[in-house]
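The opening residue of the sequence shown carries number 1013 in my numbering; numbering runs sequentially from there.
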Amino acid sequence: MDPQRSSGKGNLWLYHLCAALTVTAWGLSLVSTRILLDHGLHPIEIYIYRFILAYLAILSFCHKKILANSLKDELLFIGCGLVAGSVYFIAENVALEYTLVTNVSLITSLPPLLTVLLIGLVYKNNRPGRWSYIGSIIAFLGVGLVIFNSSFNMALNPIGDLLSLLAAFCWAIYGLLLKPLNAHYTELFITRKVFFYGVLTAIPFLAVEPQITSPAVILDPICLINLLFLALICSAAAFLMWACAIIKIGAVTASNYLYFQPIITMIFALITLNETITPIGYTGCCLILAGVWIADYMQRRQIKNT
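Below, the structure is given as structure tokens:
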């Protein structure tokens, strides 16, 4: 056996660890955002502060190439920054003002499934199989129950769940826009461009903010710690670890770790935010996770057997 190949396989656990740590960070990011909202920062401000810091961190060691290879690619990067940056995260952050952190985490776990369905619509030769459709129906029934859980709880507003669904669709569209870019640019370059255009396209959203919070609020130790955690760990480091995991263990294997994100969020929201969920909400949670798992696992099994 080739020692080098054996060593490579032995080191794969490191990339599985990267995927697990990334999903853990993303699961905790919603809790940190909720804490910042409770301390007076507005959703758009949180996003802009977070991604300016993340962009500067990436730019510090990825600054040799600035522009894309063509105007078409530059426009694609603008689109990526819009759907995977400003619109996605602002919708997600605003959703946290209206619904449970757990609800947001559950509904925003749908993008892998939505991406498969959208790719099937756009690329005729890459149509999803029947298990993808079965899983989609089960998962969307779960989303309906999660939204109904918010409607049933009079303290919540289902608009937050609908904004979460908008965020999920944005991330799925991001997968389509990213497809032609992956072959020509590094993950680091793509991440930096998405961060840049994400911040740039978020600035007009400030016009709808009722007021701008004093920057002095950020100096509060709790706010500063959570903001740095979101920027440096959940954005810069997590995106890079995720890129490494996808390269080494594959997108499908890495995506399996996303199934644990809602569970991580639910546990920490229960501990730190004292969130409670009705039996209807738990049923919706199970259906979403089951639907996404069925669509992914059974589809891969069907492809393997053909």
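Using N, Cα and C, we set each Cβ at its ideal position, and we do this for glycine too.
Under three-state DSSP, which class holds residue i?
{"i": "F1152", "result": "helix"}
{"i": "E1057", "result": "helix"}
{"i": "P1192", "result": "coil"}
{"i": "S1019", "result": "Its pLDDT being 42, under 50, S1019 is placed unreliably by the model, and nothing is read from it."}
{"i": "K1260", "result": "helix"}
{"i": "P1233", "result": "helix"}
{"i": "T1036", "result": "helix"}
{"i": "A1080", "result": "coil"}
{"i": "G1320", "result": "The question about residue 1320 has no answer, for the chain in this structure spans 1013 to 1318."}
{"i": "N1286", "result": "coil"}
{"i": "Y1110", "result": "coil"}
{"i": "L1212", "result": "helix"}
{"i": "H1075", "result": "coil"}
{"i": "L1122", "result": "coil"}
Where residue i and residue j are concerned, what is the direct C-alpha to C-alpha distance, given to the nearest angstrom?
{"i": "T1288", "j": "P1274", "result": "14 Å"}
{"i": "E1104", "j": "A1037", "result": "16 Å"}
{"i": "Y1309", "j": "G1303", "result": "10 Å"}
{"i": "N1115", "j": "D1085", "result": "35 Å"}
{"i": "L1126", "j": "H1075", "result": "33 Å"}
{"i": "L1188", "j": "H1196", "result": "15 Å"}
{"i": "L1240", "j": "R1062", "result": "7 Å"}
{"i": "V1113", "j": "I1078", "result": "36 Å"}
{"i": "A1248", "j": "L1033", "result": "13 Å"}
{"i": "H1028", "j": "Q1223", "result": "43 Å"}
{"i": "N1194", "j": "W1183", "result": "16 Å"}
{"i": "W1025", "j": "C1256", "result": "12 Å"}
{"i": "L1242", "j": "L1087", "result": "27 Å"}
{"i": "T1295", "j": "S1117", "result": "15 Å"}
{"i": "G1132", "j": "K1260", "result": "25 Å"}
{"i": "A1250", "j": "Y1269", "result": "13 Å"}
{"i": "P1170", "j": "P1233", "result": "32 Å"}
Please name the residue, chosen from the options, that lies closest to residue i on a Cα-to-Cα basis.
{"i": "V1220", "options": "I1056, V1206 and L1189", "result": "I1056"}
{"i": "R1046", "options": "T1198, F1280 and Y1197", "result": "F1280"}
{"i": "F1201", "options": "F1089, N1023 and K1260", "result": "F1089"}
{"i": "L1212", "options": "F1272, V1095 and F1152", "result": "V1095"}
{"i": "S1121", "options": "P1291, T1295, R1313 and T1277", "result": "T1277"}
{"i": "Y1100", "options": "I1185, G1039 and L1112", "result": "I1185"}
{"i": "C1030", "options": "F1181, T1295 and W1254", "result": "W1254"}
{"i": "L1053", "options": "F1152, A1214, A1080 and I1230", "result": "I1230"}
{"i": "H1051", "options": "I1261, L1270, L1252 and T1225", "result": "T1225"}
{"i": "Y1059", "options": "F1251, S1176, I1292 and I1215", "result": "I1215"}
{"i": "A1107", "options": "P1233, V1043 and F1251", "result": "V1043"}
{"i": "T1198", "options": "N1023, L1252 and I1237", "result": "L1252"}
{"i": "P1291", "options": "L1157, S1082 and A1250", "result": "L1157"}
Who are the near neighbours of residue i in its chain, counting only those whose CB is closer than 7 Å to its CB and skipping five residues on each side?
{"i": "F1208", "result": "Y1067 and G1093"}
{"i": "I1150", "result": "L1299, A1302, G1303 and I1306"}
{"i": "S1148", "result": "L1125, L1129, G1303 and A1307"}
{"i": "F1181", "result": "L1126"}
{"i": "I1258", "result": "A1266"}
If you drop the 5 nearest sequence neighbours on each side, which residues of the same chain put their C-beta closer than 8 Å to that of residue i?
{"i": "L1244", "result": "L1065, A1066 and A1069"}
{"i": "F1217", "result": "I1056, S1098 and I1102"}
{"i": "E1109", "result": "L1049, P1055 and G1172"}
Keeping to the same chain, check which residues put their C-beta closer than 6 Å to that of residue i; ignore five residues upstream and five downstream.
{"i": "L1177", "result": "I1119"}
{"i": "P1192", "result": "none"}
{"i": "G1210", "result": "F1063, G1093, G1097 and S1098"}
{"i": "P1123", "result": "A1180, W1183 and A1184"}
(message) For the pair the stretch 1266 to 1285 and the stretch 1067 to 1078, tell me if three or more CB-CB distances fall below 8 Å.
(response) no
(request) Evaluate contact between the stretch 1194 to 1212 and the stretch 1142 to 1160, counting only Cβ atoms and requiring at least three cross-stretch pairs below 8 Å. (result) no
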